[in-house]
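*Asks:*
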Amino acid sequence: MSETNGQSTRQLAVNTAGVTKAFGRGESAVHALKGVNFEAHCGEMVMIVGPSGCGKTTFLSVLCGTMKADAGSVDVFGTDLIHLGTSRLTAFRGQNVGFIFQQFNLIPTWNIVENASVPMLLNGHSRKDAEHEAARLLTEVGLGQRLEAYPRQLSGGQQQRVAIARSLVHQPRLLICDEPTASLDAASGRKVMELLKATASRPDRCVIVVTHDSRIFSFADRIAEMEDGVVKAIHSAGEYTAHYL
Amino acid sequence: MFRLALKMLYGDLAKFLMLIGGLTFCALLMAQQTGVFCGLMRWTTATIRNAGVPIWVCDAKVEQVNEVVALRDIEVNRVRSVDGVEWAVPMYWSIIQTRLRDGSFQQVQLTGLDSTTLIGRPPVMKEGNVEDLRQPNAVIVDQIAVKKFAQKNLELHVGDVFEINDKEARVVGICEAEQSFMGQPYVYTTYERALEYAPPQRKQLSFILAKARDGVPQSEVLARINAIPGLSAYTADDFADRTFAWYFKYTGIPISFGTVVALGIVVGIAIAGQTFYLFVHENVRHLAALKAMGASNATLAEMVFLQAFTVGLVGYGLGTGMTAMMGRAFLSKGEPPFFLPWQVLAFTAGIIVFICLFAASIGLLKVYRAEPAVVFR
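The listed protein sequences derive, respectively, from chains A and B. No gaps in the numbering here: position 121 of the first sequence is 121 in the working numbering, and each next residue is one more. No gaps in the numbering here: position 154 of the second sequence is 1154 in the working numbering, and each next residue is one more.
In structure tokens:
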């Protein structure tokens, strides 16, 4: 496993050791994670790549606390997620994690301001504050003229921009992106990644992206390569693209 | 989040309208049918309310107001002699046939009142004076008689004459009385004249109407009258309850209406439960996304219950509103019977709440089982 120099000087955002996760029991059990060791630091964007079925999405789910690991340790900003109860885990996600999904997961009957304001509302902010902040972020991602629009009235790229605004509205420290460009054409995907890099990357925030899309590898600071339920290697973006593409 | 929960509900217009429609139909069916049932049951005790007296005394075997086991006239004096009775008067009641001036027949409820006091008199006079009952051959008819005669193309006015048991009956007044279960008009006359009209029997006294003296507990007076062999005394309310109980026990009316009401509940549960489950099912991915973003199960439960109870409230409002409009139409025509006490509205509300709880609960099961990680699949 190769390491990129200089990461140790930054604050550790995510640290997992020996994470395992199996689905089913006995002989028919599928071992999705077989002892994943992984680190990510504040201020960096780490991409997790690998073939289908290698455990990327399961690992992402464990990292953000939407799924519990069977064993190992999952430390996110100093909080051990393995031993948090369900309600505290839900609260932790609400306060610390922002999500960008492959299918956007925007609620079709809410306009984009309402969609983007949800994480703040869930954190107990007033509707006025939440919608104000959502509108500010939507303007920042280029949707300031379409604040009253509904998701169905937007293109895929625009919907993903709404999702970016939604993921950032409550100032999370960890941003989880699951195939953020998979539903987009090349140009839209590039624009989304440029936007993500520009708006999401901050010294106090860690961005983790699971992707198959080789066109966006250049945006990563590091790329973790997963295979058969483990992180096989971690590379710099340049190193990975030079050797593997 | 509550506002957004409602937007989520209204946004799916087809399901929203289906839910409202199902619950409206359910509320309408329950309230309307129960209202007609209550109206019908109320008709069974119209004689009691029309008389408006506090104590009814009858033969001990009598089970309800619409059946008569005649008493001896002397029983009136026995009741009058009971300590604590302020007054007691005789009342005659029977169903009897009248012959109209065109030769056709009409059954009526002949009601004979004490000629001195006219206690048990019709509650509202529309034409004429109740005191005119003391004139020869005088009767007062109710608005149902006017209607029934009109159906036979005979207008009935004060001064008109018809026959009861071949004896002349002259209309001296028209009153407003509550319609009874059997639907025959009330014809009021004096007790003595009623006995002349009625076919002779050994015993002819139908009821004794009485009142307790002021300051004497009514229950004590009732107990004293009940101590007289062969007599039973009831308050007007108790007599009405006995009548209701009789109709519940000996007729299929409650089962018939109860079946329709049960059908309404089943239809409501089926439509609302299934539609709401589908609504939640189709939104489960969105709800799971909210869960991933930090929405607790409690928050999602509040949202789902708010959605369920919103459609419940709208459905209840529309259903009972339509019931009230139908009831108003029924009452203006006089038929079918209709009575909508607050208990019917409360009962309907209770069932709607149950249906909403049921629908929300099966939806919630889906939400609770949804793993937030589903959003990554």
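Heads up, the beta-carbon is just placed ideally off N, CA and C, and yes, glycines get one too.
#1: What residue range is occupied by the uninterrupted beta strand (DSSP E) comprising Trp-997 (chain B)?
#2: Indicate the three-state DSSP secondary structure (helix, strand or coil) for Arg-222 (chain A) in the structure shown.
#3: Between Asp-1250 (chain B) and chain A, is any beta-carbon pair separated by less than 9 angstroms?
#4: Rounding to the nearest angstrom, what Cα-Cα distance links Asn-37 (chain A) and Asn-1283 (chain B) in this structure?
#5: Compute the Euclidean distance between the alpha carbons of Leu-84 (chain A) and Gly-72 (chain A), then round it to the nearest angstrom.
#6: Helix, strand or coil for Gln-11 (chain A) per DSSP?
#7: When Cβ atoms are compared, which residues of the region 133 to 144 of chain A fall closer than 8 angstroms to chain B?
#8: For the region 62 to 77 of chain A, enumerate the residues whose C-beta is nearer than 7 angstroms to any C-beta of chain B, in chain order.
#9: Just to make sure I have the definition right: I need the residues of chain A whose C-beta is within less than 8 angstroms of the C-beta of Lys-1007 (chain B). Which are they?
#10: Quick one: does Ser-52 (chain A) have its CB under 9 angstroms from some CB of chain B?
#11: Does DSSP classify Lys-1015 (chain B) as helix, strand or coil?
#12: Tell whether a beta-carbon distance below 9 angstroms holds between Val-1076 (chain B) and Val-1068 (chain B).
#13: Does the beta carbon of Met-1326 (chain B) fall short of 8 angstroms from some heavy atom of the ligand GDP?
#14: Under 9 angstroms, Cβ to Cβ, is there at least one residue of chain A near His-1286 (chain B)?
#15: Taking 9 angstroms as the CB-CB limit, is Ser-183 (chain A) close to chain E?
#16: What is the DSSP secondary structure of Thr-90 (chain A), counted as helix, strand or coil?
#17: For a quick check, are the C-beta atoms of Ala-1194 (chain B) and Tyr-1316 (chain B) less than 9 angstroms apart?
#18: Do three or more CB pairs link the region 1012 to 1026 of chain B to the region 1244 to 1259 of chain B at distances below 8 angstroms?
#19: Could you give the C-beta distance for Met-45 (chain A) and Lys-197 (chain A), rounded to a whole number, given that I count them as a contact under 8 angstroms?
#20: Using beta carbons (cut-off 9 angstroms, strictly below), is Arg-1003 (chain B) in contact with chain A?
#21: Work out the CA separation of Lys-1366 (chain B) and Ala-17 (chain A) for me, nearest whole Å.
#22: In the DSSP assignment, find the unbroken beta strand (DSSP E) run with Arg-1170 (chain B) in it and report its ends.
#23: For Gln-1343 (chain B), is the classification buried or exposed, using 16 other Cβ atoms within 10 angstroms of its Cβ as the cut-off for buried?
#24: Would you say Leu-154 (chain A) faces chain B, with C-beta separation under 9 angstroms as the test?
#25: Just the chain B side, please: which residues come within less than 7 angstroms of Ser-87 (chain A) by C-beta, in chain order?
#26: Would you verify that the beta carbon of Lys-1291 (chain B) is, or is not, closer than 9 angstroms to some beta carbon of chain A?
#27: For Asp-1114 (chain B), which residues does DSSP report across the bridge?
#28: Which chain B residues sit within Cβ distance under 8 angstroms of Leu-121 (chain A)?
#29: Taking one C-beta from the region 48 to 58 of chain A and one from the region 1025 to 1037 of chain B each time, how about it: are there three or more such pairs within less than 8 angstroms?
#30: Starting from the C-beta of Thr-1320 (chain B), find all residues in its chain whose C-beta is less than 7 angstroms away, skip the five residues before and the five after it, and write them out in chain order.
#31: At the 9 angstroms Cβ level, is Arg-93 (chain A) part of the contact set with chain B, yes or no?
#32: Excluding five sequence neighbours on each side, which residues of the same chain lie with their C-beta closer than 6 angstroms to the C-beta of Ser-155 (chain A)?
#33: Determine whether the beta carbon atoms of Thr-86 (chain A) and Glu-1371 (chain B) lie at a separation below 9 angstroms.
#34: Ignoring anything shorter than 3 residues or poking outside the region 1011 to 1083 of chain B, list the beta strand (DSSP E) runs there in chain order.
*Replies:* Quick look at the numbers:
#1: Limits of chain B in this structure are 1001 at one end and 1377 at the other, which puts residue 997 (chain B) out of reach.
#2: strand
#3: It should be noted that the sequence gives Tyr, not Asp, for residue 1250 (chain B). Cβ-Cβ to chain A under 9 angstroms: no for Tyr-1250 (chain B).
#4: 36 angstroms
#5: Each residue's Cα considered, the two are about 14 angstroms apart.
#6: DSSP places Gln-11 (chain A) in coil when its eight states are reduced to three.
#7: Within the region 133 to 144 of chain A, not one residue has a Cβ closer than 8 angstroms to any Cβ of chain B.
#8: Thr-66 and Met-67
#9: The answer, in chain order, is Thr-109, Trp-110 and Glu-114.
#10: No, Ser-52 (chain A) does not count as interfacial toward chain B.
#11: DSSP places Lys-1015 (chain B) in the helix class (H, G or I) of the three-state scheme.
#12: no
#13: As far as ligands go, the structure on display features none, and thus does not contain the ligand GDP.
#14: yes
#15: Here the protein chains are A and B, and chain E is not one of them.
#16: helix
#17: no
#18: no
#19: 7 angstroms
#20: Answer yes: the Cβ-Cβ gap between Arg-1003 (chain B) and chain A drops below 9 angstroms somewhere.
#21: 33 angstroms
#22: 1167 to 1176
#23: exposed
#24: no
#25: Ser-1296
#26: Interface with chain A (9 angstroms Cβ-Cβ cutoff): Lys-1291 (chain B) is included.
#27: For Asp-1114 (chain B), which the question treats as bridged, DSSP gives no partner whatsoever.
#28: Met-1001 and Leu-1004
#29: With a cut-off of 8 angstroms, the region 1025 to 1037 of chain B and the region 48 to 58 of chain A do not count as touching, because too few Cβ pairs lie within range.
#30: Taken in chain order, the residues that qualify are Ala-1027, Ala-1031, Leu-1345 and Thr-1348.
#31: yes
#32: none
#33: A distance of 9 angstroms or more separates the beta carbons of Thr-86 (chain A) and Glu-1371 (chain B).
#34: 1055 to 1059
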